[in-house]
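**Q** Below: one structure in structure tokens.
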Amino acid sequence: MQRLVQKYVRKIEAQGLAKLDNVVFFARDADIYCNRTLRGDEQELQAALDAMNVSSLLFVRPADPYWTVLQQISRQDEAVLSEGRIFPHDAETRTFLHDIPVLDRFSADAIVSALSRRKTAVIRDRGIVTFGAVTPEQAYIMLSSTCFTVFVKYFSDALRRFRSTVADEEDRAAFRRIWRAAEQFFPAMPMPPLCTGLVDDDDTVFAMMADAGRAVVGHHLVDSFFGNISYIVNDCIYISQTGSSLDELEGCIDKIPFAGTSSAGITASSELSAHKNIYRVTGLNAILHGHPKFAVIMSMDCERKDCGRELCYQACPERRSVRGIPIVSGEIGTGTTALMHTVPEALLDDRGVIVYGHGVFTACRDDFRKAFAQLQAVERACVAAYREEAEKAIGSIP
Amino acid sequence: MLMSGYTFRSLHVDLTAGSVETVSTPERLCREYLGGRGFGVSLLADFITQSYNSPEMPLIFAAGPLVGTASPTSGRLSVVSRSPLTGTVFDCSVGGRFGTVIKRAGYDFIKIVGIAERLVVLEIDGAAVALRNAESLAMQPVSAAARAYSSAWSTAAIGPAGERKVRFASIIADGHYAAGRGGLGAVMGAKRLKAIAVRGADDVQVADPEELQSARESVMRLLRTSQAVFGEFGLAEYGTAALVDVIHARRMEPTENFRKTLFPQSGAYSGYAMKNRYHARRTGCAGCPILCKKMGAGNEVIPEYETVSHFGALNANSDLNAIVEANRLCNELGMDTISAASTIACYADLENRTIPPPEILQMLHEIADRQPGRGDELAEGSLRYSSAHGHPELSMSVKGLELPAYDPRGAYGMALAYATSNRGGCHLRAYPISHEILRKPVATDRFSFEGKARIVKIAEDLNAVVDSLTACKFVFFAVSLEEYARVLSAVTGRQFDVQSLFHIGERIWNDERMMNRANGFSATDDDLPQRFFSEPGTSGSLIEIRPIDRGEFLMARANYYRIRGYNDDLIDSGDIW
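As they're listed, the protein sequences go chains A and B. Counting in our numbering, the first sequence runs from 1 upward without gaps. Counting in our numbering, the second sequence runs from 1001 upward without gaps.
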């Protein structure tokens, strides 16, 4: 278990979720391993683990911008103040997390009680606590998802708040601090070296996809285990497996006959049907799907109030866009309101497509270079669009 | 105030006395054991050292609190008794609509003891309950019992195999939903109970229907995200036979009595092949949105994964028609397909030959009829048969229960879970295939024991809860106990959370373990056939299927005992998580 804990502690640090010293990560089989010596009241975490039928427990004081985001949400959010819970706005996180309890006490009892009902919890002025029922990886995924969803929620709410009320100076100052800290996620880095041209042998396809997946994560275009990637050649789809990390795709790519003659793809990404529909409609052969934060935020930036906001992720009658990039509704997976029905046509515009509250699909021919560039471009456009909207409301952001 | 979701009425049937009594369902039972498997285990505890065919041995049919409500995948029921095959406490979760109709007839469980003087049917028409003479159905196939009642009724019946006490005889609900494993059909046969027929239309009370609807929507959203459930290659599309191709690709399909782990012809009976050959349509259990059961255009019952793989690869047979016919025969004769196919494969191994498909079908009749000679011998199951012939090592079983269609050399969590299972060689107690192959809820390294002792323990507790609710395990490819705690709270009006449910699951598991200990089971029985430690599987395609390292296996098992808090006698030595 030590090996797994150390792996995910390193990932937590590498992805800017928390500093090493602010991570307490327990995992156990018959013996318990913790990444560092406990300090002060952190024994409460061990007591919580002892009282739960789980394999791992993770507590972090997140790094900025997440730390300040949590502080702001804990103090401002109406649902937190009235119900003690954060309700994620983005569709994907909401599907899996439902809501996030906010605890006032750093105690084993409070942690056990919260994590007996939800997968993750925020402890006011302390951090995020979560667990893995099966492996430490689950705890890492939940931490990453929590950070993603509070980030998206903060920026979504801030824009709405700034437009509708006169924000006080404290609010604006906090926003500017958070914005500065968030700049580390903006996709300003140059195009990474990716394989060029059509490839058609298994090993080269696997390697090309693994490189593209690493680039998507490395450029902050997806968090945790979200996102997926596929390639089609010789009537076979190569697609990342469900729950795989895009930065660790070696051995996690399924090769599936396009005609569906084998069900070995039962382990494929939950978006397999969307990918197949995209290939059918567009004739392209490389697809990237990431969850860049500002694309998700801007996809939910809609001021219509008379259309049943709760169902936007399922069906939206409007033809919406951000700087010309189409936004469509659609849920994960299958079903009549699934994104597999809405994304393919929208991709014909050749600029990528944003799925409401979810993420971005891009597609191209031959290799992943153009799809990657489009993914970067979509997020850059959304950062710029957000900044413009925010500055309209609160003035210049340095 | 009593919890909703229960009828708080149950039936006690004494076949010796010919009496039927309606009793109150104890609330303590509901709080501490939930329903289904938990009810059965608790009700059986005082009788577990009795022989399976003793008049005192109860046979219990128990529904869970979610049954008959709008909870997703809750139309199931547990059948519980002592197994004639393994000698362990044994429960089977059975689908169809039998559980739902029992609940709607007004009962939480039916406890049956005694031995009838003549073959009978237990007829439950709401509050009117009677024992009917069934001698005209003697040695008749399962479908004959079902045909005796109109479609308003639901039936659970045994075939000739149950009446002749074949040790792996099954109980078949609604024509083709099996309480398949462990020989509970022989318990029913020993009681001379041919069938239970039930009719009922009462509503099951739900404490908070609005909250239940909301909780149900959360479950449904998660199900739709699952490739394994609703994806184009998932259970809804191909049934459990969807697993044929992926288990083949992972080179862990038990072939020729587990001598190999790859059967090149398995594409002949893949989910895709069967769907196209038989133009299969979706059907399934009452109240289930997944509908993993498949029926052909000619009303052929499309076999489950375990059945096609064991009548296929395990017996080196690629004749799809013969496999489908073997499945039909097992349903009609009332026999567990896994044990039947595995016992025939054991026979083939001992004979050192491949059994041709027509002979396989002939052997099924011989076994069900206990025809003198190999039929009667094989009706005892593979372990008794191979032991009688001096080769117990050729029975690919744990605690006498034949192993299903996942070779443990290709999934080490599965290896440990087979060994620790309270009911013997069963994949469903902990179902590590979920994470080792299907990557749910996360992927684990299938060739490593790292962390697996804890994972298996947690999953065993989880599935004890699932079987007691009584929900379907497939839904847990996509959702977690978190969502079902909410469903259960909405149904009952009592607040459950994940950890409180885990406590119940652990209680059920440890009760089972104590009951097995009372019948002499020890750590020696928590083991795998020697073949898996000494012979490699079929390596290739950059996948190496090595023999399992015995030392690593024993270390993982020791870790499991430590986590469980079991001492040397396998007794729970404390509340250790």
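Even for Gly, the Cβ is constructed at its ideal location relative to N, Cα and C.
Is it buried or exposed for His1279 (chain B), if we count other Cβ within 10 angstroms and need 16 for buried?
**A** Exposed.
**Q** Taking only three categories from DSSP, how would you classify Arg36 (chain A)?
**A** Reduced to three states, the DSSP call for Arg36 (chain A) is coil.
**Q** Between the C-alpha atoms of Tyr1484 (chain B) and Phe1533 (chain B), what's the straight-line distance to the nearest angstrom?
**A** Cα to Cα, Tyr1484 (chain B) sits roughly 39 Å from Phe1533 (chain B).
**Q** Using the Cα positions of Ile1158 (chain B) and Ala1379 (chain B), report the straight-line distance between them to the nearest angstrom.
**A** If you take the alpha carbons of Ile1158 (chain B) and Ala1379 (chain B), they lie about 15 Å apart.
**Q** Give a yes or no on whether 8 Å exceeds the smallest Cβ distance from Thr1444 (chain B) to chain A.
**A** Yes, its Cβ sits closer than 8 Å to a Cβ of chain A.
**Q** Compare the C-alpha of Phe1090 (chain B) against each of B:Glu1056, B:Gln1530, B:Asn1422, B:Ser1500 and name the closest.
**A** Taking only the C-alpha atoms, the option nearest Phe1090 (chain B) is B:Asn1422.
**Q** Could you give the first and the last residue of the continuous alpha helix (DSSP H) run that contains Leu1034 (chain B)?
**A** Here Leu1034 (chain B) belongs to no alpha helix (DSSP H), and DSSP marks it neither H nor E.
**Q** In chain order, what residues of the same chain have a beta carbon less than 6 Å from the beta carbon of Ser107 (chain A), not counting five sequence neighbours either side?
**A** These residues qualify, in order along the chain: Glu44.
**Q** Using a Cβ-Cβ cut-off of less than 8 Å, give me the residues of the region 52-85 of chain A that come near chain B, in sequence order.
**A** Those would be Met52, Asn53, Val54, Ser55, in chain order.
**Q** Would a check of beta-carbon distances place Gln1499 (chain B) closer than 8 Å to chain A?
**A** Yes - at least one Cβ of chain A is within 8 Å of the one on Gln1499 (chain B).
**Q** Taking 7 Å as the limit between beta carbons, can you name the residues of its chain near Gly400 (chain A), skipping five residues before and five after?
**A** Past the edges of chain A, shown from 1 to 398, lies residue 400 (chain A), and the structure says nothing about it.
**Q** Going by C-alpha to C-alpha distance, which of B:Ala1178, B:Lys1260, B:Glu1163 sits closest to Arg1531 (chain B)?
**A** Nearest of B:Ala1178, B:Lys1260, B:Glu1163 to Arg1531 (chain B), Cα basis: B:Lys1260.
**Q** For Ser396 (chain A), which residues of its own chain have a beta-carbon under 8 Å away from its beta-carbon, when the five flanking residues on both sides are left out?
**A** Correct list: empty, nothing qualifies.
**Q** Compare the C-beta of Thr267 (chain A) with all C-beta atoms of chain B and state if any pair is closer than 8 Å.
**A** Interface residue, yes.
**Q** Give me the chain A residues within the contact set of Asn1257 (chain B), using Cβ-Cβ distance strictly less than 7 Å, ordered along the chain.
**A** Per Cβ cutoff of 7 Å: no residues; Asn1257 (chain B) is ~25 Å from chain A at best.
**Q** Just mark Ala173 (chain A) as buried or exposed, buried being the case when its beta carbon has 16 or more other beta carbons within 10 Å.
**A** Per the 10 Å Cβ criterion, exposed.
**Q** Run through chain A and tell me which residues come within less than 8 Å of Asp1461 (chain B), C-beta to C-beta.
**A** Result: Asn53.
**Q** Tell me Lys255 (chain A)'s beta-bridge partners as DSSP assigns them.
**A** The partner list for Lys255 (chain A) (beta bridge, DSSP) reads A:Tyr238.
**Q** Return no unless some Cβ of chain A is closer than 8 Å to the Cβ of Gln1227 (chain B).
**A** Cβ-Cβ to chain A under 8 Å: yes for Gln1227 (chain B).
**Q** Could you give the residue range of the alpha helix (DSSP H) that holds Cys382 (chain A)?
**A** Element bounds for Cys382 (chain A): 369-394.
**Q** Cutting at 6 Å between CB atoms, please list the residues of its own chain near Gly251 (chain A), excluding the five before and the five after it.
**A** Counting only Cβ-Cβ distances below 6 Å, and skipping sequence neighbours, we find nothing.
**Q** Please state whether DSSP places Cys1092 (chain B) in a helix, a strand or coil.
**A** Strand at Cys1092 (chain B).
**Q** Need the endpoints of the alpha helix (DSSP H) that Ile971 (chain B) sits in, please.
**A** Residue 971 (chain B) is absent from the structure shown; chain B starts at 1001 and stops at 1577.
**Q** Could you give the distance in angstroms between the alpha-carbon of Ala1128 (chain B) and the alpha-carbon of Lys1194 (chain B)?
**A** Rounded to the nearest angstrom, the two C-alpha atoms are 19 Å apart.
**Q** CA-CA distance, Ser1539 (chain B) and Arg1374 (chain B)?
**A** Cα to Cα, the separation comes out at about 34 Å.
**Q** Counting only runs of 3+ residues fully inside the region 127-193 of chain A, write out the beta strand (DSSP E) ranges in chain order.
**A** List check, beta strand (DSSP E) in window: 127-132.
**Q** Starting from Glu1436 (chain B), find everything on chain A with Cβ-Cβ shorter than 7 Å and list it in chain order.
**A** Neighbours of Glu1436 (chain B) on chain A: none; closest Cβ ~10 Å, over 7 Å.
**Q** Does chain B have any CB closer than 8 Å to the CB of His358 (chain A)?
**A** With 8 Å as the cut-off, His358 (chain A) does not count as an interface residue toward chain B.
**Q** Please list, in chain order, the residues of the region 29-44 of chain A that have any C-beta partner in chain B closer than 9 Å.
**A** Hits within the stretch, in order: Asp29, Ala30, Asp31.
**Q** Does the distance from the CB of Pro1432 (chain B) to the CB of Val1456 (chain B) come in under 8 Å?
**A** Yes, the Cβ-Cβ distance between Pro1432 (chain B) and Val1456 (chain B) is below 8 Å.
**Q** Nearest CA to the CA of Ser475 (chain A): which residue from A:Ser269, A:Met298, A:Glu83, A:Tyr33?
**A** Because chain A in this structure spans residues 1 to 398, residue 475 (chain A) falls outside the shown range and cannot be described.
**Q** Using CA atoms only, rank isn't needed, just tell me which of B:Arg1076, B:Ala1017, B:Thr1255 is closest to Phe1474 (chain B).
**A** If we check each option's Cα against that of Phe1474 (chain B), B:Arg1076 comes out closest.
**Q** Cβ of Gly1234 (chain B) less than 8 Å from any chain A Cβ?
**A** Closer than 8 Å: yes.
**Q** Mind checking if Asn1559 (chain B) is an interface residue toward chain A, Cβ cutoff 8 Å exclusive?
**A** With 8 Å as the cut-off, Asn1559 (chain B) counts as an interface residue toward chain A.
**Q** Does Glu1450 (chain B) come within less than 8 Å of chain A when only Cβ atoms are used?
**A** Closer than 8 Å: yes.
**Q** For the candidate residues B:Arg1104, B:Val1023, B:Leu1438, whose alpha-carbon lies nearest to that of Ser1154 (chain B)?
**A** Ser1154 (chain B) has its Cα closest to that of B:Arg1104, out of B:Arg1104, B:Val1023, B:Leu1438.
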